[in-house]
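Q: Numbered per UniProt numbering, the sequence shown spans residues 1 to 230. No residue lacks a Cβ here, since even glycine has one placed at the ideal position from N, Cα and C. These figures come from a predicted structure and were not determined experimentally.
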Amino acid sequence: MAEKRDYYEVLNVERGASQDEIKKAFRKLAFQYHPDRNKAPDAEEKFKEFSEAYAVLSDTEKKQQYDMFGHAGISGRYSAEDIFRGVNLRDIFTEFGFGDDILGRIFGGIFGGGFNGFQRQRGPRRGSDLQTRIEVDLEQAAFGTEVEISLNRLQKCTKCGGTGAEPGTDLTTCPKCNGSGRIEHRTQSLFGQMIRVVTCDRCNGRGKTAETPCSNCRGRSLEERKSRLN
Numbered sequence: 001m002a003e004k005r006d007y008y009e010v011l012n013v014e015r016g017a018s019q020d021e022i023k024k025a026f027r028k029l030a031f032q033y034h035p036d037r038n039k040a041p042d043a044e045e046k047f048k049e050f051s052e053a054y055a056v057l058s059d060t061e062k063k064q065q066y067d068m069f070g071h072a073g074i075s076g077r078y079s080a081e082d083i084f085r086g087v088n089l090r091d092i093f094t095e096f097g098f099g100d101d102i103l104g105r106i107f108g109g110i111f112g113g114g115f116n117g118f119q120r121q122r123g124p125r126r127g128s129d130l131q132t133r134i135e136v137d138l139e140q141a142a143f144g145t146e147v148e149i150s151l152n153r154l155q156k157c158t159k160c161g162g163t164g165a166e167p168g169t170d171l172t173t174c175p176k177c178n179g180s181g182r183i184e185h186r187t188q189s190l191f192g193q194m195i196r197v198v199t200c201d202r203c204n205g206r207g208k209t210a211e212t213p214c215s216n217c218r219g220r221s222l223e224e225r226k227s228r229l230n
């Protein structure tokens, strides 16, 4: 098996390159070697190589691991799926006119549900879509209109301020993840130990749990309130 090239070399950037420079280098290579555009025999392999390099170097935590330990810091800590978890290439592909399912087609099972299935960003999760029915007349339907509607939606709890804890009580370090917000699952394979990192299901990634759950939201941090929109 050929030895992996240095990720910075793959993207043709210096080790001290900024995130803007790393992204710019990836955009240039993505346009040049995208398999929908470049039919050279090695285009797909090159695309795999620099996509992996970008997935690592564009992520603060993975980049730090790579800078400290090289490829060993990545292969010993992340599965192939985890390497790409969190990276968002949709905007770049859309700008170039390419479909955003390319990683699913190239990497196979890793992105079996389509690339979007692994496009997880740090921070709050996207909420559910809300739907409502309204009646409009033919003229409004043809030319458009603005209508004020009232609906119930989940918002930050007014009693606990979104902490999930009863006011006056403390948040404690999550005993399941020890405050990291993540759980590591270790498995042994033919290629060595693989580590899969997932969000802690007890604290939902916050690293803290409520000693006494809020009586209003029952520790969920959210409550359903009526809102008016137009």
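Go through the segment 147-202 residue by residue and report every complete run of the beta strand (DSSP E) that reaches 3 residues or more, in order.
A: Correct list: 149-156, 171-173, 182-189 and 192-199.
Q: Ala30 by DSSP, collapsed to three states: which one?
A: What you label residue 30 is simply residue 30 of the sequence shown in a count that begins at 1. It is helical.
Q: When DSSP builds the beta bridges, which residues end up paired with Lys226?
A: In the sequence shown, residue 226 corresponds to position 226, counting from 1. DSSP, once it has assigned bridges, lists Asn152 as partnering Lys226.
Q: Determine which residues share a DSSP beta bridge with Lys208 and list them.
A: Numbered from 1 along the sequence shown, position 208 holds the residue referred to as residue 208. The partner list for Lys208 (beta bridge, DSSP) reads Thr173.
Q: Just to confirm, is the Cβ distance from Gly181 to Gly162 under 8 angstroms?
A: In the sequence shown, counting from the first residue as 1, residue 181 sits at position 181. In the sequence shown, counting from the first residue as 1, residue 162 sits at position 162. Not in contact: Gly181 and Gly162 (Cβ atoms no closer than 8 angstroms).
Q: Measuring only the C-alpha atoms, how far is Ala141 from Glu223?
A: The residue given as residue 141 occupies position 141 in the sequence shown. The residue given as residue 223 occupies position 223 in the sequence shown. Rounded to whole angstroms, Ala141 to Glu223 spans 34 angstroms at the Cα level.
Q: Pairing CB atoms from the segment 202-218 with CB atoms from the segment 131-145, are three or more of them under 8 angstroms?
A: Because the criterion of three Cβ pairs below 8 angstroms is not met, the segment 202-218 and the segment 131-145 do not touch.
Q: For the ligand NAP, any of its heavy atoms closer than 7 angstroms to the Cβ of Glu52?
A: In the structure shown, the ligand NAP is absent, as is every other ligand, since no ligand is present at all.
Q: Going by DSSP, name the residue or residues bridged to Pro213.
A: The residue labelled residue 213 in the question sits at position 213 within the sequence shown. Paired residue(s): Ala165.
Q: Could you give the DSSP three-state label for Tyr66: helix, strand or coil?
A: As a first step, residue 66 is located in the sequence shown; it is residue number 66 there, counting from the start. Note: Tyr66 maps to helix in three-state DSSP.
Q: For Gly73, which of helix, strand or coil comes out of DSSP?
A: Your numbering for residue 73 matches position 73 in the sequence shown. Correct three-state label for Gly73: helix.
Q: Which residue comes first and which comes last in the alpha helix (DSSP H) that contains Gln140?
A: What you label residue 140 is simply residue 140 of the sequence shown in a count that begins at 1. From DSSP, the alpha helix (DSSP H) with Gln140 extends over Leu138 to Phe143.
Q: The alpha helix (DSSP H) spanning Lys46 covers which residue range?
A: Your numbering for residue 46 matches position 46 in the sequence shown. Unbroken alpha helix (DSSP H) run through Lys46: Ala43 to Leu57.
Q: Quick one: using the 10 Å Cβ neighbour count with 16 as the cut-off for buried, is Pro124 buried or exposed?
A: Taking the first residue of the sequence shown as 1, we reach residue 124 at position 124. Summary for Pro124: the model assigns pLDDT 47, below 50, so the residue's position carries little reliability, and this model does not support an answer.
Q: Pull up the CB-CB distance for Leu57 and Ile22, whole angstroms please, since I reckon it's below 8 angstroms.
A: Within the sequence shown, numbered from 1, the residue matching residue 57 stands at position 57. Within the sequence shown, numbered from 1, the residue matching residue 22 stands at position 22. The Cβ separation is near 5 angstroms, so the contact holds.
Q: Return helix, strand or coil for Tyr78, following the three-state DSSP convention.
A: Translated into positions along the sequence shown, residue 78 becomes position 78. Reduced to three states, the DSSP call for Tyr78 is coil.
Q: Can you tell me the Cα-Cα spacing of Arg153 and Arg220, whole angstroms?
A: Here residue 153 is taken as the residue at index 153 of the sequence shown, counted from 1. Here residue 220 is taken as the residue at index 220 of the sequence shown, counted from 1. Answer to the nearest angstrom: the Cα atoms are 14 angstroms apart.
Q: Rounding to the nearest angstrom, what Cα-Cα distance links Thr172 and Lys62 in this structure?
A: The residue you call residue 172 lines up with position 172 of the sequence shown. The residue you call residue 62 lines up with position 62 of the sequence shown. Near 28 angstroms, if we compare the C-alpha coordinates of Lys62 and Thr172.
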